[in-house]
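Residue numbers (my numbering): 5 to 175.
Shown next, in the form of structure tokens:
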């Protein structure tokens with residue numbers, strides 16, 4: 005079976021390091037050639053909570069889109085995402101891009117609208133794949149970031165996963 009490149013957005017605002025590392029570990033169990041962006045701290049958008057840590061993962065998968073999304077929901081659940089007594093968002097994993105697919109797939113809309121709306125998605129995505137063209141906007145992710153007029157403050161944060169520093173000191 006052929007492999008499809010995917011880009012996933014991860015975020016957490018509760019025990020941020022613990023949940024992001026757990027999410028990355030789980031993803032590494034079934035994704036191929038997984039690469040991680042720098043990690044950024046951002047203020048919440050759309051919810052009242054503490055600040056988030058966010059990053060983007062690039063990888064390849066042989067899973068169909070709906071099966072990939074189902075596995076992501078299981079990883080979120082394993083990290084307390086759907087617990088009735090949770091206070092915040094332990095782990096959120098969104099499919100941002102799945103190959104060049106566009107459209108609505110059982111309620112999963114691709115490319116994810118947050119790419120063009122949220123700095124905590126677009127900046128790390130543009131760092132991962134600056135030349136990749138957004139399938140609807142028709143511009144490279146790097147150009148979209150350069151032109152972005154998004155009023156959100158991001159701060160790169162030191163973050164290590166499996167002995168690798170994900171955020172370069174000169175970012």
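For each residue, glycine too, the CB sits at the ideal point set by N, CA and C.
Bear in mind the structure is a predicted one, so any value in this text is a computation, not a measurement.
Query	Result
Give me the Cα-Cα distance between residue 48 and residue 114, rounded to the nearest whole angstrom.	22 Å
Are there three or more Cβ pairs, one per stretch, closer than 8 Å when the segment 46-65 is compared with the segment 13-26?	yes
Pull up the CB-CB distance for residue 137 and residue 100, whole angstroms please, since I reckon it's below 8 Å.	The pair is not a contact, with the Cβ atoms about 14 Å apart (cut-off 8 Å).
Checking contacts by CB at 8 Å: is residue 17 closer than that to chain B?	Note that chain B does not occur in the displayed structure, where there is just one protein chain.
Near residue 140, what residues of its chain come up, given a Cβ to Cβ distance below 8 Å and the 5 sequence neighbours on each side ignored?	106, 115
Rounded to whole angstroms, how far is the Cβ of residue 131 from the Cβ of residue 42, which I believe are closer than 8 Å?	6 Å
Compare the C-alpha of residue 52 against each of 153, 93, 66, 65 and name the closest.	93
CB-CB under 6 Å to residue 104, same chain, minus the five flanking residues each way: which ones, in chain order?	139
For residue 21 and residue 151, what's the separation of their Cα atoms in angstroms?	31 Å
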